[in-house]
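**Q** If you're matching them up, the sequences are chains A and B in order.
Each residue of the first sequence is one higher than the last, beginning at 1 in our numbering.
Each residue of the second sequence is one higher than the last, beginning at 1 in our numbering.
No residue lacks a Cβ here, since even glycine has one placed at the ideal position from N, Cα and C.
Only a predicted model underlies this, so the values are computations on that prediction, with no experimental measurement involved.
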Amino acid sequence: MSQDILQLQNVESAYGPIKAIRGVSLKVRQGEIATVLGSNGAGKTTILKTISGIIDPRKGSIAFKGRDITAKDPAFIVQQGLSHVPEGREVFPLLSVHDNLLMGAYTRQDRDGVARDMETVYGYFPILRERTGQHAGLLSGGQQQMLAISRALMAAPALILLDEPSLGLSPKLTKEIFEIVVRINRERGTTILLVEQNANMALNAADYGYVLENGRIVLEDPCDRLREKEDIKEFYLGMKDDGVRGERRWKKKKTWR
Amino acid sequence: MTSSSPSFTAAPAARLRPSPGLWDTSSIQPRRGIAMPGETVPAIFWNAVRARGDQVWLRQKELGIWRSWSWRQTGEAVEEIAAGLLALGLAPGECVSILSNTVVEWVLADLAVLSCGAVCNGIYPTDAPVQVHYLCEDSRTRVLFVEDDEQLDKALEVRERLPQLERIVVFDMEGLRDFRDPGVMSLDQLRVLGREHMAAQPGAVQARAAQCRPQDVAILIYTSGTTGKPKGAMHSHGALVYVVHGYNTFIAQDERDERMCFLPLCHVAERTGGEYFALYSGSVLNFVENPETVPENVREIAPTVLNAVPRVWEKFYSGIMISLKEAGAVQQAAYAWSIGVGEQIAQRVLAGQPVGAALKLKFRLARALALDNVRKAIGIHRARFVVTGAAPISPDLVRWYLALGIPMLEVWGMTETCGAATGMPAGRIRPGSIGTASAYNEVRIDSATGEILVRGPNVFMGYLNLPEKTAETIDTDGWLHTGDVGSVDDEGFFRITDRMKDIIITAGGKNVTPSELENELKFSPYITDAVVIGDARPYLTVIIMVDQENVEKYAQDNDVPFSSYESLTRAAEVQALIQGEIDRVNARFARVEQIKRFFLLETQLSAEDEELTPTMKLKRKLVQAKYAQRIDAMYRV
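(1) Which residues of chain A have a Cβ atom closer than 8 Å to the Cβ of residue 564 of chain B, listed in chain order?
(2) For residue 145 of chain B, list the residues DSSP reports as bridge partners.
(3) Using a cut-off of 9 Å between C-beta atoms, extract the partners of residue 175 of chain B located in chain A.
(4) State the start and end residues of the unbroken beta strand (DSSP E) segment that holds residue 261 of chain B.
(5) Quick one: give me the first and last residue of the beta strand (DSSP E) that residue 506 of chain B is part of.
(6) With 16 other CB atoms within 10 Å as the buried threshold, where does residue 191 of chain B fall?
(7) Does the CB of residue 606 of chain B have a neighbour CB from chain A at under 8 Å?
(8) Mapping DSSP to helix, strand and coil, what is residue 245 of chain B?
(9) Output the boundary residues of the alpha helix (DSSP H) element that contains residue 395 of chain B.
(10) Please check the pair residue 475 of chain B and residue 452 of chain B, which I expect to be a contact at CB under 8 Å, by giving their CB distance rounded to whole angstroms.
(11) In three-state DSSP terms, what is residue 240 of chain B?
(12) Alpha carbon to alpha carbon, what distance is there between residue 385 of chain B and residue 308 of chain B?
(13) Check residue 107 of chain A in the structure and name its three-state DSSP category.
(14) Tell me whether residue 338 of chain B sits in a helix, a strand or coil according to DSSP, three-state version.
(15) When the cut-off is 8 Å and only beta carbons count, does residue 506 of chain B lie next to chain A?
(16) How many angstroms separate the CA atom of residue 219 of chain A from the CA atom of residue 124 of chain B?
(17) Could you tell me the alpha carbon to alpha carbon distance between residue 89 of chain B and residue 207 of chain B, rounded to whole angstroms?
(18) Check for me: the alpha helix (DSSP H) holding residue 323 of chain B runs from which residue to which?
(19) My guess is that residue 153 of chain B and residue 174 of chain B are in contact by the Cβ rule of under 8 Å, so how many angstroms apart are they, rounded?
(20) Run through the segment 364–450 of chain B for me and flag every whole alpha helix (DSSP H) of 4 or more residues, listed as ranges in chain order.
(21) Once the 5 residues before and after residue 154 of chain A are set aside, which same chain residues still bring their CB inside 6 Å of it?
(22) Taking the beta carbon of residue 81 of chain B as the centre, do at least 16 other beta carbons fall within 10 Å, making it buried, or is it exposed?
(23) With a threshold of 8 Å between beta carbons, is residue 306 of chain B in contact with chain A?
(24) May I have the straight-line CA-CA distance separating residue 7 of chain A from residue 28 of chain A, to the nearest angstrom?
(25) Between residue 142 of chain A and chain B, is the shortest Cβ-Cβ distance under 8 Å, so that the two count as touching?
(26) Per DSSP, which one or two residues make a beta bridge with residue 197 of chain B?
(27) Starting from residue 80 of chain A and walking both ways along the beta strand (DSSP E), at which residues does that stretch end?
(28) I want to see whether chain A comes within less than 8 Å of residue 561 of chain B, judged by CB atoms only; does it?
(29) Where DSSP assigns a beta bridge to residue 234 of chain B, which residues make up the other side?
(30) In chain order, what residues of the same chain lie with their CB nearer than 8 Å to the CB of residue 37 of chain B, ignoring the 5 residues before and after it?
(31) Compare the beta carbon distance of residue 141 of chain B and residue 103 of chain B with 8 Å and say whether it is the shorter of the two.
(32) Is the number of C-beta pairs between the segment 380–397 of chain B and the segment 308–325 of chain B that are closer than 8 Å three or more?
(33) Which of helix, strand or coil does DSSP assign to residue 519 of chain B?
(34) Hey, quick one: how far does the alpha helix (DSSP H) through residue 75 of chain B stretch, first residue to last?
(35) For the segment 150–170 of chain A and the segment 81–98 of chain A, state whether three or more C-beta atom pairs, one from each stretch, are separated by less than 8 Å.
(36) Would you report the Cα separation of residue 529 of chain B and residue 169 of chain A, rounded to the nearest angstrom?
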């Protein structure tokens with residue numbers, strides 16, 4: 001069994017009086033793709049923000065590569081090798097693609113390494129090389145997502161937090177991006193913690209999955225086993241029997257078994 | 001909208017004052033007279049409609065607004081539904097079933113069926129299609145009312161195998177706009193049919209209702225059937241009327257009372273203690289939005305009388321305990337002092353001693369300081385008294401409610417006694433006892449077996465289609481053999497030892513009553529239910545279902561990592577927590593009666609699961625069979 005690169009223990013985070021995550025414990029093993037599934041407002045993004053230090057948790061602890069990073073400065077956390085690809089991409093619109101990528105490498109001193117990684121990401125996403133001098137704000141949504149992922153890679157991270165890469169993208173683009181994500185994981189050995197609403201994509205790409213509901217983990221299992229669970233099929237994959245009438249509107253009760 | 005659609009009204013003002021404290025039970029006076037004449041349920045209902053007219057009877061929250069049904073509106077709706085049923089050819093004595101949660105339409109349909117002289121049977125909304133099939137087949141149901149599309153699907157799934165089922169009527173047609181089926185109609189369509197029938201034959205419903213006799217079967221209540229198939233207990237109109245008359249002699253209520261209707265109406269407790277007793281006494285029935293909103297709805301309704309099962313009382317209590325732990329030191333101290341004053345008063349009242357003026361003054365302070373807030377947090381601040389029944393309750397829990405200044409009256413009864421057969425007199429509360437025999441039936445202990453026997457007009461007519469089972473249950477002298485073993489003291493207070501078949505005889509020959517241990521365990525906020533094992537075994541063990549919310553909170557507060565329910569129950573700290581609770585209970589019992597081992601159920605159970613009864617109790621036999629391996633493991637060392 002490979003070791004845990006990231007470990008969350010009973011993490012609680014809140015926005016003012018509203019508790020967004022109410023005690024989450026999870027582990028990400030070195031070299032795997034882990035995913036957190038959940039509906040709107042389940043607390044997925046909050047988990048990632050708490051890990052990367054954007055939000056300080058009320059309770060609990062976060063360990064990365066065996067070191068405590070709870071409530072540490074985000075810049076410090078990036079330097080430890082943990083990059084966050086935020087939801088909605090958040091590229092710098094008025095910087096060129098090239099400069100956006102350099103921003104990702106801001107914390108690094110090894111110029112050769114940076115140049116090498118620049119080549120690698122252009123290899124993953126050739127379109128970015130074509131647009132290298134353009135303002136990032138002029139890229140399409142899919143290209144911006146590619147740029148955001150590439151920017152994260154430029155920090156040469158051991159772990160990438162990937163927040164809803166499929167947001168607003170066509171099914172075809174989503175598929176392409178997921179293929180690259182899996183490639184990055186396989187080729188570079190980068191561990192990935194993926195948060196997704198597109199459960200089907202995420203379950204196919206990831207090795208291990210957690211299901212988050214109302215700020216709590218209700219289910220965890222390897223993804224191939226998660227895919228077979230009744231509740232996952234009905235509530236996350238949209239597969240349900242139509243019942244006797246040929247159409248069913250009411251929802252079964254979730255049991256999470 | 002038809003003329004009998006409900007109107008919108010604001011929440012009612014408090015009308016009956018609760019007593020200042022436990023020492024004053026003047027607000028719980030027995031009522032001897034007849035509150036509403038009538039010898040059958042429909043006769044009482046139609047008399048009440050005439051007498052109470054525009055007074056409010058039913059209230060239900062729809063889309064966030066409370067809607068009221070006056071007696072007149074209820075009567076109009078019931079008459080239309082009944083006329084619709086007549087138009088469908090429903091004959092006296094035929095059976096109609098209702099498959100729905102507790103909603104206003106349940107009551108409307110029930111009263112319409114009874115007004116037709118037909119038999120009404122309730123089916124738990126949590127039942128699976130196979131159970132729906134069994135109950136409809138056994139009761140020979142001709143018309144089935146279903147709540148919504150979800151319940152309809154169950155009925156449609158088994159309809160082919162129910163040749164006698166002619167019509168399904170749906171209360172709520174949401175999502176069924178495009179659904180067409182000759183065997184299915186909406187409640188509104190049935191009412192249209194009824195209005196046409198009424199135009200053609202005015203007075204048909206009243207004439208049919210008048211034919212109804214007290215000795216006719218009115219309702220069927222299927223017993224939960226922890227062993228074997230459920231059995232349909234038949235109750236006559238006479239018995240139902242007799243029981244509601246009797247209720248007014250010890251848990252009296254009237255038109256000023258606000259009640260909450262939320263337990264399943266297929267269960268005898270809510271059917272007689274809720275619906276029919278309110279029908280008779282005129283108390284307002286407030287329906288909860290759905291089973292999950294009960295805690296919010298209690299606070300909103302603030303009932304003046306509240307009947308509930310121990311599980312609900314335990315939940316309220318543990319909710320308060322949890323928020324207390326989060327409170328500051330000052331608040332905790334205020335609560336501790338206040339509940340202490342309440343306990344002193346409860347102690348004196350229970351011992352029959354007078355409560356001095358100084359103590360009364362202290363209690364007023366205690367209420368202002370903490371107890372009133374606790375009562376408000378639960379929603380029982382207006383309660384004149386509360387009633388618990390349908391399952392054993394921990395005496396400590398009863399004492400806690402008494403310390404809040406709220407008389408908690410335990411009643412005991414069963415499906416076969418048509419509701420309560422014993423009840424706690426308000427002036428002489430004895431926690432741990434089930435009270436004295438109700439004035440309307442005889443209760444005695446079988447000297448040979450210790451079994452509690454009940455005789456009276458409230459005892460059921462027999463099980464449908466099961467004459468031998470009926471003969472086993474009611475002996476030739478008319479005594480109902482309840483299956484509960486108990487004792488009675490000099491003053492006539494009964495105590496339940498346990499269910500006869502549940503009593504454990506350990507390998508060492510020691511008789512143990514599991515419910516005693518189980519009730520003590522359930523008093524813990526971390527334990528929802530427990531099943532003690534040990535029959536023919538060397539020592540006692542227990543299967544425990546933890547209270548998810550409270551145990552999660554404990555884990556959270558103590559940095560116990562967990563993800564799912566399963567990992568929560570497996571956490572060493574949680575195991576230790578439960579061990580601690582067991583140790584606490586063990587300390588109160590003799591060595592041979594102590595629990596040596598336990599395990600926690602690792603799946604989170606809901607009412608749909610076979611392990612639980614619809615009232616959320618663990619089914620002892622089923623759990624023992626299903627977890628036989630894990631039980632055996634507790635005896636292998």
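**A** Reading it off the structure:
(1) 217, 218, 219, 220, 256
(2) B:98, B:169
(3) 247, 248, 249, 250
(4) 258–261
(5) That residue, residue 506 of chain B, is in no beta strand (DSSP E); it is neither H nor E in DSSP.
(6) buried
(7) yes
(8) helix
(9) 395–403
(10) Not quite, the Cβ-Cβ distance comes to about 13 Å (not below 8 Å), so this is no contact.
(11) helix
(12) 12 Å
(13) coil
(14) helix
(15) no
(16) 29 Å
(17) 15 Å
(18) 310–326
(19) At roughly 14 Å, the Cβ-Cβ gap does not stay under 8 Å, so residue 153 of chain B and residue 174 of chain B are not in contact.
(20) 372–378, 395–403
(21) 101, 104, 105, 117
(22) buried
(23) no
(24) 6 Å
(25) no
(26) Paired residues: none, contrary to the question.
(27) Element bounds for residue 80 of chain A: n/a, residue is neither H nor E.
(28) yes
(29) B:220, B:462
(30) 43, 44, 47
(31) no
(32) yes
(33) helix
(34) 71–87
(35) yes
(36) 49 Å
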